[in-house]
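Q: Chains as they are written, first to last, in my numbering: chain A, 19 to 674; chain B, 13 to 539. Here it is, the structure in full.
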């Protein structure tokens, strides 16, 4: 079955080509939607069959399926080849599974849009690129996918290119698209350089080969400066794609795209590519402890920073976007302490509940005439019961209420940052988790509960069509029970279900890295139970605060009072720490100004052209002067001749 | 006549035919020009399939003595690099000619005569295997190009023409001195058979030219090539020439003419003055790298779309020069494919700019906005050309950029990562200037009343763009079709370089083939 892996990306590629060329002529929304969804659905089926094969026949080394040579010259040769192993298949399942649901949802959501076929064309392109990213057996093919998802993200953020969108120096959605692409390119620069260094050092760009070289002699490479440089550069790439400090600011603006895009690309799949990149190279990263520390710190700080912003924003998608940044921070913190499985586990549960939250938000906006401001909503529970219920489930999951999926993955991250990392790290993440629970239920209360604050004349809230609610329900089920794939040891122990499924499944991928990090079997610790209780307490506290402030008090007196009493801080949070402004003033503006007034207007036009034009002028002047010698009078020429003869004679006489 | 001779001479024959046509019958003039260039392309395709890409040597070699007193000959032939660039020429020319139908409205007979003459001269540059003949073709290009910009150009055409002419002629004079000196030195001092301009003879003994002389010869040729490329800081003729030239002029200028400079660098500087090239590689690579960043930064702040694309050429050609002077197989192969890529993507960008110019008669970015809504097909083609130029993997630009960068990184001659790292920064900036322009032109709402009635692409415009897109994707996905052609001639060059620098032969199998074919060639010469 695994030999058919090439079909998985080829199907959405075929969809992309077909819809791109003929979609406009098809005109039939149902047909377009069906084709777009079917390619992804079929890809999921194949991926699932390969998954079953891996289950029944576990492998230690990946299958490599080579298609053809891509780039070659001299002694350099690089194939297009796919790598089938537990990690790539798990990611493929998430991408095609959640992707399929979101495709189906989009049939309803994009109904009547003049760019309907264009939307599905881009979505299929995205799936194709994302599958290349995760299935690649070489860095370079991953890079193709990496840039390709950036392209699809660009196209989809700017999908409604003539719509306004508000942001720092952003007036159109296209500005947001540009910002996303360019910030990602900064990260890609890191990816490129990392690849060059890997090639220079190891003479290969294939994951498996690199892994063999490293695992043959790991301690030789441990903490080598080059390894640290490579991993830091790869991490730079990851901060771009996965919106971490310092390249986090593009993701909230990426919400300019249609909501299914936010769900699929900017929550469930593409933004987790950074985690994939680290997980794929777990051995390499484990050999660079300093990089791991940087990753843990950046991840925790991002989790905290984004959560603080999320507590004060009023746009439903804005809150979810910051929540995504924050949750990605959790995953990086996990990677940083070597908890690879926990990070990948959270990628999966996050894809379920955050995908669901965005789709829920889309459903709300769909029924609310594209209103985004949660202050202008309220009481929607009775108009959209399905959306409400599913949204609630997802909120419980992300807040970390026991037995919902998010609980298991988040709890594992918290526990491992404590046990493998430090108390400070844990504390930062725990506070972020508190805020997560708070802002999510602030959202729930402001959107679905309380008084109806919207304009009844223009807005008639209604539940969304079946194509939209069915994906919501499926994702809600997954958000509720998906966590049981990775029950923590401390709980699984009681069900004699250990090690958990996911850990067992991914074991071949991470075993070398774990060996380097010195992680062995689990041991039961009382602290783990205590921490688990603490984190549940935290979640409940956040939810309780949200209810107290936004449910039981419809005037929101407490939050208003607090915001007033800490005005400067509120201002900073409201303006997202002014990071956009700082970037523009400190980096963008100086570059633009110096390019214009120094490089172009001065160096090009004054100096270089000045010299050339100056030479031309001098030649002309010289010609002008010399021309005067030629008077045309024979007498003058006679004088010149005599003068010349005298000079010559003098020179001849004196030189002897 | 062989296909090779036809590929070279058919455009010349065509241009002479045009001279005899009635100057008022525009239709016949236009279509016969187009027919000739398409026919040339088809014939060159035969050549493309006849070419033996395993053979690293010069193929289809023709040697005809012309001026025996200076042993100047009509010597033409092709190796892999020539083959690719000749194909680029025969491919781009019909497209440029087709685009002339929309953009050239007066003095058509003269125009089509000039453009065919230009095609003849360009092909000649890429196939000449005699330095005197090369020089003649090189100079011949100036004449049609001068008139194309000067007669059919834009508002500021006179300034642009004079600037273009002066820059180029200054370079050419240096080269002329170099040609004479080289022919004399190699002929009299090394071979002892008297003055000769035979490229192959000179090449085989070039390594015996003392280093001090090589340095002078290197610069005599290089200055001319650097101006043509153009390499920073000799680039300022380019934005003016590009902006003022009519659309087909810009397409040919960007698509083919600039490659003559980079071609010359490989053919003459690297092959003949290898030691001097090794010596100056780091210095020149710095200029290339500065050009990459500088061109991108200046492109970002342009207000005229065409000028922006022109500056982007400075940046892109920087990659080519960097690849060449990395003096590695990857770098040079990357440079060669990047020459083709730049011809396709920048040529396409100029075509696209010309299409909107024909409709609105302005190229100011600020005049546009929201065009995507009324010209969706145009916007799509523009996006493809843009992302090809940005170097998006999967499209052609990436392949070339990546190979030159990795070549620069692994180069034992540059031996410094800084070149690759700084050049890779250009990848970020390329996204900045192109995307920024794109969003100002295409995104937002269509507010300018002058743009309300723009029409989307015509069938003829489709016809020009589709073949370009085809190759943009082809090279992006499966570049081997093309890189294979120049692979072995590049390996041979690398052997020459590494033999002189490190005293090693990295590709011995090529060396074996070389001696065999050399015998054949010398047999041919004897005949």
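Idealized CB from N, CA, C, for every residue including glycine. All of these numbers come straight from a predicted model, not from anything done at the bench.
For the alpha helix (DSSP H) that contains residue 94 of chain A, what are its first and last residues?
A: The residue given as residue 94 of chain A occupies position 76 in the first chain. Not the alpha helix (DSSP H): residue 94 of chain A falls in the beta strand (DSSP E), residues 94-102.
Q: Output yes or no for whether 8 angstroms exceeds the beta carbon distance between residue 201 of chain A and residue 170 of chain A.
A: Indexing the first chain from 1 puts residue 201 of chain A at position 183. Indexing the first chain from 1 puts residue 170 of chain A at position 152. For residue 201 of chain A and residue 170 of chain A, no; Cβs fall outside 8 angstroms.
Q: Sort out for me which residues DSSP pairs residue 71 of chain B with in a bridge.
A: As a position in the second chain, residue 71 of chain B is number 59, starting the count at 1. Residue 71 of chain B pairs with B/90.
Q: Within the segment 246-302 of chain B, note down every full alpha helix (DSSP H) run reaching 4 residues or more, in order along the chain.
A: Runs of the alpha helix (DSSP H) inside the segment 246-302 of chain B: 249-256, 259-264, 270-276.
Q: Per DSSP, what kind of secondary structure is residue 539 of chain B in: helix, strand or coil?
A: Sequence index remark: in the second chain, residue 539 of chain B carries index 527 (1-based). Note that residue 539 of chain B scores 48 on pLDDT, short of 50, meaning its location in the model is unreliable; the coordinates nonetheless yield the value given after this. It is coil, neither helix nor strand.
Q: Tell me where the alpha helix (DSSP H) around residue 230 of chain B begins and ends.
A: Start at 1 with the first residue of the second chain, and residue 230 of chain B comes out as number 218. First-last of the alpha helix (DSSP H) with residue 230 of chain B: 223-240.
Q: Comparing alpha-carbon positions, which option in B/149, B/139, B/125, B/94 lies nearest residue 133 of chain B?
A: Within the second chain, the letter at position 121 stands for residue 133 of chain B. Among B/149, B/139, B/125, B/94, the Cα nearest to that of residue 133 of chain B belongs to B/149.
Q: When you check each C-beta in the segment 394-419 of chain B against every C-beta of chain A, which residues fall closer than 9 angstroms?
A: The segment 394-419 of chain B vs chain A, Cβ under 9 angstroms: 395, 399, 402, 403, 404, 405, 406, 410, 411, 414, 415, 417, 418, 419.
Q: Between residue 410 of chain A and chain B, is any beta-carbon pair separated by less than 8 angstroms?
A: Counting from one through the first chain, the residue named residue 410 of chain A turns up at place 392. Taking Cβ atoms only, chain B never reaches closer than 8 angstroms to residue 410 of chain A, which makes this a no.
Q: Do the CB positions of residue 364 of chain B and residue 422 of chain B come within less than 8 angstroms of each other?
A: Indexing the second chain from 1 puts residue 364 of chain B at position 352. Indexing the second chain from 1 puts residue 422 of chain B at position 410. Their beta carbons are not under 8 angstroms apart, which means residue 364 of chain B does not touch residue 422 of chain B by this criterion.
Q: State yes or no: is the C-beta of residue 119 of chain A within less than 8 angstroms of the C-beta of residue 483 of chain A?
A: In the first chain, the residue the question calls residue 119 of chain A occupies position 101. In the first chain, the residue the question calls residue 483 of chain A occupies position 465. No, Cβ-Cβ distance for residue 119 of chain A and residue 483 of chain A is not below 8 angstroms.
Q: Whole angstroms is fine: what's the gap from residue 326 of chain A's alpha carbon to residue 267 of chain B's?
A: As a first step, residue 326 of chain A is located in the first chain; it is residue number 308 there, counting from the start. As a first step, residue 267 of chain B is located in the second chain; it is residue number 255 there, counting from the start. Distance between the alpha carbons of residue 326 of chain A and residue 267 of chain B is about 53 angstroms.
Q: Please list, in chain order, the chain B residues whose beta carbon lies closer than 8 angstroms to that of residue 87 of chain A.
A: Here residue 87 of chain A refers to the residue found at position 69 when the first chain is read from its first residue. Result: 492.
Q: Our contact map puts residue 87 of chain B next to residue 142 of chain B with C-beta atoms below 8 angstroms; I'd like the distance itself, whole angstroms only.
A: Locating residue 87 of chain B in the second chain gives position 75, where the first residue counts as 1. Locating residue 142 of chain B in the second chain gives position 130, where the first residue counts as 1. With a Cβ gap of about 4 angstroms, residue 87 of chain B and residue 142 of chain B count as contacting.
Q: Relative to chain B, which residues along the segment 90-109 of chain A have a C-beta separation below 8 angstroms, given in chain order?
A: The residues in question are 90, 91, 92, 93, 94.
Q: Taking C-beta to C-beta, are residue 309 of chain A and residue 353 of chain A nearer than 8 angstroms?
A: Taking the first chain and counting its residues from 1, the one referred to as residue 309 of chain A is at position 291. Taking the first chain and counting its residues from 1, the one referred to as residue 353 of chain A is at position 335. Taking 8 angstroms as the Cβ cut-off, residue 309 of chain A and residue 353 of chain A do not qualify as a contacting pair.
Q: Whose Cβ in chain B lies nearer than 8 angstroms to the Cβ of residue 217 of chain A?
A: By 1-based counting over the first chain, the position of residue 217 of chain A is 199. Those are 418, 421, 422, listed as they occur along chain B.
Q: Any idea what DSSP makes of residue 390 of chain B, helix, strand or coil?
A: Counting from 1 along the second chain, the entry for residue 390 of chain B is found at position 378. Residue 390 of chain B falls in the helix class under three-state DSSP.
Q: Quick check on DSSP: helix, strand or coil for residue 204 of chain B?
A: As a first step, residue 204 of chain B is located in the second chain; it is residue number 192 there, counting from the start. Correct three-state label for residue 204 of chain B: coil.
Q: List, in order along the chain, the chain B residues whose C-beta lies closer than 7 angstroms to that of residue 165 of chain A?
A: Numbered from its first residue, the first chain carries residue 165 of chain A at position 147. Result: 404, 405.
Q: So, for residue 528 of chain B: in the same chain, excluding its five sequence neighbours on each side, which residues have a beta-carbon less than 7 angstroms away from its beta-carbon?
A: By 1-based counting over the second chain, the position of residue 528 of chain B is 516. Note that residue 528 of chain B has pLDDT 49, beneath the 50 cutoff, so the model's placement of it is unreliable and the number below is only indicative. Nothing meets the Cβ criterion.
Q: What first and last residue would you give for the alpha helix (DSSP H) that runs through residue 477 of chain A?
A: Here residue 477 of chain A refers to the residue found at position 459 of the first chain. Unbroken run through residue 477 of chain A: none, as it is neither H nor E.
Q: Can you have a look at residue 539 of chain B and say buried or exposed, based on whether 16 or more other CB atoms are within 10 angstroms of its CB?
A: One-based indexing of the second chain puts residue 539 of chain B at position 527. Low local confidence applies: a pLDDT of 48 at residue 539 of chain B is under 50, so the model's placement there is unreliable, and no value is given.
Q: On the CB-based measure, 16 or more other CB atoms within 10 Å of its CB, does residue 303 of chain A come out buried or exposed?
A: Here the question's residue 303 of chain A lines up with position 285 in the first chain. Buried is the call here.
Q: Take the Cβ of residue 579 of chain A as the centre, count every other Cβ of all protein chains shown within 10 Å, and call the residue buried at 16 or more, exposed below.
A: As a position in the first chain, residue 579 of chain A is number 561, starting the count at 1. With fewer than 16 Cβ atoms within 10 Å of its Cβ, residue 579 of chain A is classed as exposed.
Q: Is the beta carbon of residue 349 of chain B less than 8 angstroms from the beta carbon of residue 467 of chain B?
A: The residue you call residue 349 of chain B lines up with position 337 of the second chain. The residue you call residue 467 of chain B lines up with position 455 of the second chain. Not closer than 8 angstroms, so no.
Q: Distance, Cα to Cα, residue 528 of chain A vs residue 128 of chain A?
A: For the purposes of this step, residue 528 of chain A is taken as residue 510 along the first chain, with counting starting at 1. For the purposes of this step, residue 128 of chain A is taken as residue 110 along the first chain, with counting starting at 1. Going by the C-alpha atoms only, they are around 41 angstroms apart.
Q: Pull up the CB-CB distance for residue 110 of chain B and residue 46 of chain B, whole angstroms please, since I reckon it's below 8 angstroms.
A: Locating residue 110 of chain B in the second chain gives position 98, where the first residue counts as 1. Locating residue 46 of chain B in the second chain gives position 34, where the first residue counts as 1. At roughly 6 angstroms, the Cβ-Cβ gap stays under 8 angstroms, so residue 110 of chain B and residue 46 of chain B are in contact.
Q: Residues in the same chain with beta-carbon distance under 6 angstroms from residue 339 of chain A, minus the five sequence neighbours each way, listed in chain order, please.
A: Mapped onto the first chain, residue 339 of chain A falls at position 321. Once the five neighbours on either side are set aside, the close Cβ partners of residue 339 of chain A are 269, 270, 273.
Q: Tell me which residue opens and which closes the beta strand (DSSP E) that residue 320 of chain A is part of.
A: Taking the first chain and counting its residues from 1, the one referred to as residue 320 of chain A is at position 302. Taken as a continuous stretch (DSSP letters only), residue 320 of chain A belongs to no beta strand (DSSP E), being part of the alpha helix (DSSP H) at 307-328.
Q: Short of 6 angstroms in beta carbon distance, which residues of its chain neighbour residue 267 of chain A, apart from the five on each side in sequence? Order them along the chain.
A: Position 249 of the first chain, counted from the first residue, corresponds to residue 267 of chain A. Excluding residues within five positions, the ones whose Cβ falls inside 6 angstroms are 597, 598.
Q: Please give me, in chain order, every unbroken run of the beta strand (DSSP E) with length at least 3 that falls completely inside the segment 339-364 of chain B.
A: With a minimum length of 3 residues, no continuous beta strand (DSSP E) run stays inside the segment 339-364 of chain B.
Q: Going straight from the alpha carbon of residue 545 of chain B to that of residue 197 of chain A, what length do you get?
A: Chain B is shown from 13 up to 539; residue 545 of chain B falls before or after that span and cannot be answered.
Q: Touching or not, the segment 573-587 of chain A and the segment 172-182 of chain A, by the rule of three or more beta carbon pairs under 8 angstroms?
A: Touching, no.
Q: In three-state terms, what does DSSP make of residue 182 of chain A?
A: Residue numbering aside, residue 182 of chain A sits at position 164 when the first chain is read from its first letter. Strand at residue 182 of chain A.
Q: So for residue 223 of chain A, helix, strand or coil by DSSP?
A: For this step, residue 223 of chain A is matched to residue 205 along the first chain. Looking at residue 223 of chain A - three-state DSSP - the assignment turns out to be coil, as it is neither helix nor strand.
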